[in-house]
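Quick notes on the structure that follows.
Protein chains: 2
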Amino acid sequence: MKKSVYILLLAMCCHFNSIAQNVGDELNLMPWPQKVALGEGRLLLTKDFSLSITGEFDTRIYEYSNRFLRRLDGRTGLFFNQGMISKNTNFSKNAILKINIERPGKIQLHEDESYELKVSESEIILKAITDLGAMHGLETLLQLQSTTASNFYFPVVVVEDAPRFPWRGLMIDVSRHFQPVEVIKRNLDAMAAVKMNLFHWHLSDDQGFRVEILKHPKLTSLGSDGNYYTQAQIKEVVAYASDRGIQVVPEIDVPGHASALLTAYPELSSIDRENSIERNAGIFDPTLDPTNKKTYKLLADIFAELATLFPSPYVHIGGDENEGKDWDENEDIQEFMLKNDLKSNHDLQTYFNIKLQKILAKSDKVMIGWEEILTPIIPTSAIIHSWRGVNEGVPAKQSLVDAVKNKNQAILSNGYYIDLMYSVEDHYAVDPMPEVALTEEEKNRILGGEATMWSELVTPNSIDSRIWPRTAAISERFWSPKNIVDMESMHRRLGIISYQLEELGLKHISNRDVVLRNITNNQSIYSLKVLSNICEPLKGYTRNKDGVEYQMYSPFTLFADACVADAADKRKFKRAVANYVSDNSNTEELSKILHVWIVQNEAFLSLNKNPKLNSIAPLYQNLTTVSKVLLAAITTNTFNVQDKDVLRAALVRMQEANEVDVEFAIVEDLVVLAEFVSQMKEIQPIENK
Amino acid sequence: MKKSVYILLLAMCCHFNSIAQNVGDELNLMPWPQKVALGEGRLLLTKDFSLSITGEFDTRIYEYSNRFLRRLDGRTGLFFNQGMISKNTNFSKNAILKINIERPGKIQLHEDESYELKVSESEIILKAITDLGAMHGLETLLQLQSTTASNFYFPVVVVEDAPRFPWRGLMIDVSRHFQPVEVIKRNLDAMAAVKMNLFHWHLSDDQGFRVEILKHPKLTSLGSDGNYYTQAQIKEVVAYASDRGIQVVPEIDVPGHASALLTAYPELSSIDRENSIERNAGIFDPTLDPTNKKTYKLLADIFAELATLFPSPYVHIGGDENEGKDWDENEDIQEFMLKNDLKSNHDLQTYFNIKLQKILAKSDKVMIGWEEILTPIIPTSAIIHSWRGVNEGVPAKQSLVDAVKNKNQAILSNGYYIDLMYSVEDHYAVDPMPEVALTEEEKNRILGGEATMWSELVTPNSIDSRIWPRTAAISERFWSPKNIVDMESMHRRLGIISYQLEELGLKHISNRDVVLRNITNNQSIYSLKVLSNICEPLKGYTRNKDGVEYQMYSPFTLFADACVADAADKRKFKRAVANYVSDNSNTEELSKILHVWIVQNEAFLSLNKNPKLNSIAPLYQNLTTVSKVLLAAITTNTFNVQDKDVLRAALVRMQEANEVDVEFAIVEDLVVLAEFVSQMKEIQPIENK
């Protein structure tokens with residue numbers, strides 16, 4: 038460990054990336070930087086670690102640096118001498134970490150977010166055009182920190198980094214289940230940690246109108262069950278986001294998805310009906326009347342107040358899933374359409390959208406809407422939010438392509454619907470750039486993408502485990518070079534990021550235990566945890582059948598709520614099966630796993646029973662039955678013919694729907710294994726065994 | 038299970054209580070009610086469970102009932118049909134739980150908080166004078182809910198309940214370590230769950246001034262490191278508390294403990310000195326100048342704004358630990374004292390306090406102060422907060438007695454300093470009523486008590502595990518009959534309450550795992566958890582020696598931060614040792630425990646090392662050494678003389694101070710065991726063993 042040698046990478050992009058993925062085997066960065074050159078040597082962390090900041094910048098970097106120091110100190114327990122940093126701090130010229138910033142960054146799209154990081158054995162230089170870039174650099178540094186038996190250190194390294202897409206968003210729906218300020222704040226922390234820069238706040242829907250509008254208090258007094266953000270809280274969140282380099286875009290979903298709004302203002306409904314806050318999930322009829330001038334008056338008032346709360350130039354108006362049933366049934370509306378030459382409901386909605394666009398333009402706001410707002414006559418200033426795909430009967434990214442060809446800018450969410458409970462691999466494989474040929478100009482209109490967390494099935498207690506760590510992989514898709522696609526590397530790094538997110542305050546790990554303790558009624562959760570690590574919640578909206586099995590106030594303290602989309606032990610089992618099938622002397626790992634399942638079912642059965650536990654018992658029973666047969670076969674290299682039917686029946690039951698809303702993540706590999714052992718030499722049952 | 042039979046208890050108080058403690062073996066209530074009569078039979082919970090509310094009441098009971106329903110539904114997973122309750126709800130006459138309230142309760146001392154609860158096999162009647170009483174009844178009902186293998190149910194029971202003391206408080210110091218709104222809110226939830234009704238908010242101290250004062254923004258811009266509550270947040274917390282029947286009393290600690298305030302306003306210091314926010318713990322010199330008129334002007338401004346934020350009639354002015362050093366050194370102040378016939382610093386402080394009392398009286402506020410404000414001439418309207426005791430060189434409760442004899446009302450905190458990390462048994466044993474003879478009038482002046490959570494050594498991540506579940510036992514001391522004192526019963530019920538507090542959102546259990554994952558650097562925490570369950574943080578301010586080992590920004594992610602004052606496995610081990618010593622054939626339980634410690638040290642040693650883990654290794658090593666010797670002796674009923682010195686040396690090391698700020702909670706019982714086995718038949722070492 039003498040003087041460091043930088044292995045600078047000057048290769049072609051493609052070549053570079055393949056190296057990057059190799060480097061990835063040593064470093065735990067996510068999103069992966071544009072360029073990384075790992076050197077030799079280490080900078081050891083001691084109590085004397087300190088930082089200095091020079092240049093011109095927004096003062097928020099002081100607080101960011103304080104948090105950086107405290108996070109690093111909390112992780113290492115070194116008791117750094119450097120205390121609280123503020124504008125009055127006289128920085129030492131001998132600081133280990135020297136941060137230099139050229140100018141204050143603006144919280145806006147296309148702002149410079151690049152940074153350069155050079156770690157040598159004696160110092161760290163972090164250079165950035167803006168303080169936003171410097172924040173990203175500090176996060177990279179925290180991810181670079183490594184640990185040995187005797188030291189905490191930073192590896193000698195050079196990083197040059199900047200995002201691939203300017204719009205790297207996370208949407209959180211706070212209508213279906215209200216999410217208190219603390220939930221939003223900790224998710225903003227996590228976003229900053231993985232270099233996301235846009236929080237899309239879905240503030241209204243059928244199940245609740247969640248933002249205080251001073252001029253229209255009825256919106257929340259009648260439309261929110263008392264669960265809404267005061268304007269002071271909105272400002273608090275916007276400031277919190279801004280301090281972390283994150284822009285906040287509000288959404289008021291109209292003209293459909295408006296049951297809550299129309300509960301407060303039934304006179305603006307397209308049909309004379311007594312509206313109420315919706316308790317189920319789905320698509321509902323209540324729709325704003327686009328022929329009523331008061332509709333625009335109310336929306337103008339709402340948008341005017343939002344403009345005072347959200348500095349972002351963007352306002353999302355929703356516009357999705359309006360089936361127009363109420364419009365069809367209202368004769369006045371039909372007459373209005375005839376008179377105004379509006380041939381379809383879609384035309385009428387475009388008429389509505391264009392009026393909204395003009396209202397927004399008055400306060401210099403740019404309209405965003407879900408892809409349904411895209412028509413040839415929608416102004417090209419509107420941003421199109423592409424969300425539909427194969428599940429909705431249209432090709433993926435079709436609206437994205439249509440939009441940019443129509444000269445609109447666009448962002449992608451199809452493929453990033455994290456509420457669907459699909460594997461992170463599915464999301465990671467989706468690139469925001471369509472596969473079809475586009476001009477450079479058209480490509481530039483694709484701003485990036487957004488992970489969308491719809492909240493029909495999540496509470497403040499479970500939402501973190503639905504968003505994280507998966508969204509870190511999606512963020513990598515938005516930030517990193519296109520060909521950073523190695524799944525193994527992604528999984529390895531994601532596991533470490535997940536733990537670092539907990540360190541930062543996210544509850545995606547610890548809150549699962551809270552649910553399991555609830556289910557066991559305060560007994561040992563270990564056996565249930567083992568089961569939860571191979572089960573995944575039902576996927577693709579098959580949980581909550583037809584939207585009416587659960588109501589928004591239903592309990593979400595069930596086994597499925599303690600399971601996550603990527604079951605922790607799924608890949609370990611897949612590997613063990615593959616290793617065994619390729620060489621049947623590799624029994625150790627596989628036997629161990631099967632043995633644990635059998636033993637933990639015994640532990641599970643020894644718990645004091647209760648109705649919630651009872652509902653899980655059949656799952657464990659089937660797992661144990663299968664495990665016992667397979668373990669016997671693997672151990673003896675023979676297959677007891679008597680077990681054939683037992684095995685088949687139990688496997689079928691494992692594949693079937695069950696009442697606790699989960700599926701086994703290991704069934705596929707169990708089937709592989711079952712087929713393999715069924716080829717073994719058969720033995721006959723021993724009598725009276 | 039036919040018709041229920043109420044076994045009504047009409048016995049004398051004393052007799053009644055002894056029965057109560059027996060009943061306590063079946064019910065999990067805390068605080069224990071004034072009267073409980075357990076009947077026969079059960080009311081089974083089904084999907085159809087519903088409630089109705091009749092009478093006159095504050096509308097907050099709707100939200101409280103909603104939370105009650107959702108908590109019960111979350112616990113049972115039954116999917117209750119009854120949805121959200123509001124003033125528009127038409128309650129069914131067939132509701133299972135019928136709540137009747139006579140009038141809206143006021144959030145004030147001595148308000149009626151009583152309730153009566155009658156559970157039969159078919160319905161539950163909850164009657165209360167005020168909605169505050171009804172809330173307490175709902176909490177009792179949640180604690181009554183029980184579980185069998187096939188059902189969730191309420192036992193048939195009659196409860197008549199009301200608090201013993203009107204002032205049942207928890208103080209949280211948010212100056213030493215700032216605690217965000219979410220931390221305060223979840224602690225208010227917990228307070229309501231255990232029927233506490235007063236939150237004392239220690240808002241200023243040497244380490245930070247934490248409340249926005251619009252007229253004096255410097256107080257927070259210079260005195261808080263940016264960590265303070267906006268007035269909007271204060272109002273939000275006060276409303277949140279009020280919705281849970283809790284009064285909020287603010288404290289601005291003066292004239293000492295004022296470094297942060299004097300950092301903003303150095304011109305009000307008693308000594309011309311450059312003040313700064315204090316980073317250490319202790320008693321510091323900066324003190325307000327009581328001879329400066331501007332001091333009173335500033336305080337009048339502060340108290341005037343507080344009066345708009347806090348509806349409570351009480352304001353706490355601190356007044357503790359002013360050593361008056363700065364006063365001694367200021368000649369002008371000395372002259373002022375001479376001129377005004379103030380013979381001591383205590384006289385000068387009383388002069389200051391009386392001026393404050395007049396300022397507060399202008400906005401109809403009553404002054405509370407720590408016991409140092411008590412002098413013969415302090416107005417009898419002032420409430421005395423008794424905190425000193427044997428540790429401070431005075432008899433416990435002396436100031437409490439002095440206060441009520443002086444015709445002042447008083448509350449007790451000596452004995453309830455939960456930051457000292459003493460056992461819950463110590464706190465539970467302290468009664469607010471002094472042992473000396475007092476008249477009825479004097480007794481009535483003792484309003485109750487407060488648990489005090491000073492925050493030098495806690496962060497938002499660890500504070501819950503310092504407050505809970507212990508404070509539930511202190512609440513029982515304030516609420517329940519004086520002779521509810523059975524330690525075994527308390528421990529048993531506290532374990533269940535602890536779990537229910539986690540269900541409610543408290544982090545005292547799950548956040549310990551977060552610290553352990555940090556220490557292991559994301560490896561299995563099980564072995565460390567086993568160790569943490571027999572270790573306790575150093576007690577009585579011996580952690581953070583002289584207040585300078587830690588600064589307020591130091592890492593609190595150490596092993597001690599994952600340990601709690603009442604180590605989970607301490608009592609289990611004590612029992613096992615006692616059982617064995619009384620009959621040495623009782624080896625099973627004891628051997629099992631010792632074996633686990635030995636095995637888990639192996640697991641601990643197999644973890645990838647890091648400096649934080651290394652610092653813990655000697656603890657585990659000593660434990661294992663002792664455990665091996667003892668296990669061998671217990672197993673063979675002989676004692677290997679060669680082990681004598683090994684055992685003694687390891688035990689001594691276990692008793693010594695160590696670098697990770699914890700002590701073994703099991704040492705006393707290990708010594709008992711060591712003495713016992715040393716009486717066994719000695720055997721000689723086997724050569725070359």
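If you read the sequences in order, they're chains A and B.
Quick note: the first sequence uses our numbering, first residue 38, plus one each step.
Quick note: the second sequence uses our numbering, first residue 38, plus one each step.
Glycine included, each C-beta is placed from N, C-alpha and C at the ideal position.
*Which chain A residues are close to Arg107(B), counting only those with a beta carbon under 7 Å from its beta carbon?*
Tyr590
*If we ignore side chains and look at the alpha-carbon of each, how far apart do Val714(B) and Ser622(B) end up?*
Answer to the nearest angstrom: the Cα atoms are 13 Å apart.
_Sub-9 Å separation of Ser512(A) and Met67(A) beta-carbons_ = yes
*Between Glu176(A), Val275(A) and Pro200(A), which lies nearest to Leu146(A) when the distance is taken from Cα to Cα?*
Pro200(A)
*How would you call Gly61(A), buried or exposed, if buried means at least 16 neighbouring beta carbons within 10 angstroms?*
In this prediction, Gly61(A) has a pLDDT of 47, which is less than 50 and means its spatial position is unreliable; what the coordinates show is noted afterwards. It is buried - the Cβ of Gly61(A) has at least 16 other Cβ atoms within 10 Å.
*Return the Cβ separation of Arg690(A) and Asn651(A) in integer angstroms, given the expectation that the two are a contact with Cβ distance under 8 Å.*
Not really, about 16 Å apart at Cβ, beyond 8 Å.
*Cβ neighbour criterion (16 or more within 10 Å) applied to Ser258(A)*: exposed
*State yes or no: is the beta carbon of Val636(A) nearer than 9 Å to at least one beta carbon in chain B?*
no
*Check the C-beta distance from Gly355(A) over to Ala301(A) and give it rounded, since I have them as a contact under 8 Å.*
In fact, because the Cβ distance is near 17 Å, the residues do not count as touching under 8 Å.
*Could you please give the first and the last residue of the uninterrupted beta strand (DSSP E) stretch that includes Glu368(A)?*
It is not in any beta strand (DSSP E) - Glu368(A) instead sits in the alpha helix (DSSP H) that spans Glu368 to Lys376.
*asked:* Suppose the cutoff is 6 Å on Cβ atoms and the five residues either side in sequence are ignored; what does the same chain contact list for Gln216(B) look like?
replied: Pro497
*With 9 Å set as the bound, which would you pick, yes or no: does the beta-carbon of Ala295(B) sit closer than that to a beta-carbon of chain A?*
no
*Compare the C-beta of Gln284(A) with all C-beta atoms of chain B and state if any pair is closer than 9 Å.*
Gln284(A) does not count as touching chain B.
*Could you tell me whether the Cβ of Cys50(B) comes closer than 9 Å to any Cβ of chain A?*
Model confidence at Cys50(B) stands at a pLDDT of 33, short of 50, so the residue's coordinates are unreliable and nothing is read from them.
*Quick one: which residues of the region 297-317 of chain B get their C-beta closer than 7 Å to a C-beta of chain A? List them in chain order.*
Arg316
*Between the region 118-129 of chain A and chain B, which residues of the former have CB atoms less than 8 Å from a CB of the latter, in chain order?*
Gly120, Met121 and Ser123
*Closer than 9 Å by beta-carbon distance: list the chain A residues that pair up with Ala186(B), in chain order.*
Within chain A, the C-beta atoms nearer than 9 Å to that of Ala186(B) come from Asn645, Lys646, Asn647, Pro648, Leu650 and Asn651, in chain order.
*For Asn581(A) versus Tyr590(A), is the C-beta distance shorter than 9 Å?*
no
*Specify, as a first and last residue, the run of the beta strand (DSSP E) that Gln284(A) falls within.*
Gln284 to Val291
_Within chain B, partners of Asp110(A) - CB distance below 7 Å_ = Pro592
_Using only the alpha-carbon positions, how far apart do His237(A) and Trp407(B) sit?_
One C-alpha to the other measures close to 49 Å.
*Check the Cβ of Ile554(B) against every Cβ in chain A and list those closer than 7 Å, keeping chain order.*
It is Arg, not Ile, that sits at residue 554(B) in the sequence shown. Within 7 Å Cβ-Cβ: Tyr536 and Glu539.
*Give the straight-line distance between the Cα atoms of Leu684(A) and Val663(A), rounded to the nearest whole angstrom.*
Straight-line spacing of the CA atoms in Leu684(A) and Val663(A) works out to 6 Å.
*asked:* Tell me the rounded alpha-carbon separation between Gln182(A) and Val196(A).
replied: One Cα belongs to Gln182(A), the other to Val196(A), and the distance between them is close to 14 Å.
_According to DSSP, is Tyr266(A) part of a helix, a strand, or is it coil?_
strand
*C-beta neighbour in chain A for Phe189(B), strict 9 Å*: yes
_Gly430(B), DSSP secondary structure in three states_ = coil
*Less than 9 Å separating the beta-carbons of Leu631(A) and Lys681(A)?*
Going by C-beta atoms, Leu631(A) is not nearer than 9 Å to Lys681(A).
*asked:* Quick check on DSSP: helix, strand or coil for Asn558(A)?
replied: coil
*Spell out whether any CB of chain A is found under 9 Å from the CB atom of Thr345(B).*
no
*Between the C-alpha atoms of Gln58(B) and Ala278(A), what's the straight-line distance to the nearest angstrom?*
Only weak support is given to the placement of Gln58(B): the predicted model assigns it a pLDDT of 46, under 50, and the question is left unresolved by the model.
*asked:* Please tell me whether Lys544(A) has its Cβ less than 9 Å away from any Cβ of chain B.
replied: yes
*For Ala398(B), count neighbouring C-beta atoms within 10 Å of its own C-beta (all shown protein chains included) and say buried if the count is 16 or more, exposed if not.*
Ala398(B) is exposed by the Cβ-count criterion.
*asked:* Does the contact criterion of 3 or more C-beta pairs under 8 Å hold for the region 245-252 of chain B versus the region 261-276 of chain B?
replied: yes
_Beta-ladder partner(s) of Leu80(B), from DSSP_ = Phe191(B)
*asked:* Within 9 Å of any Cβ in chain B, is that where the Cβ of Gln270(A) sits?
replied: Chain B places a beta carbon closer than 9 Å to that of Gln270(A), counting this residue as a contact.
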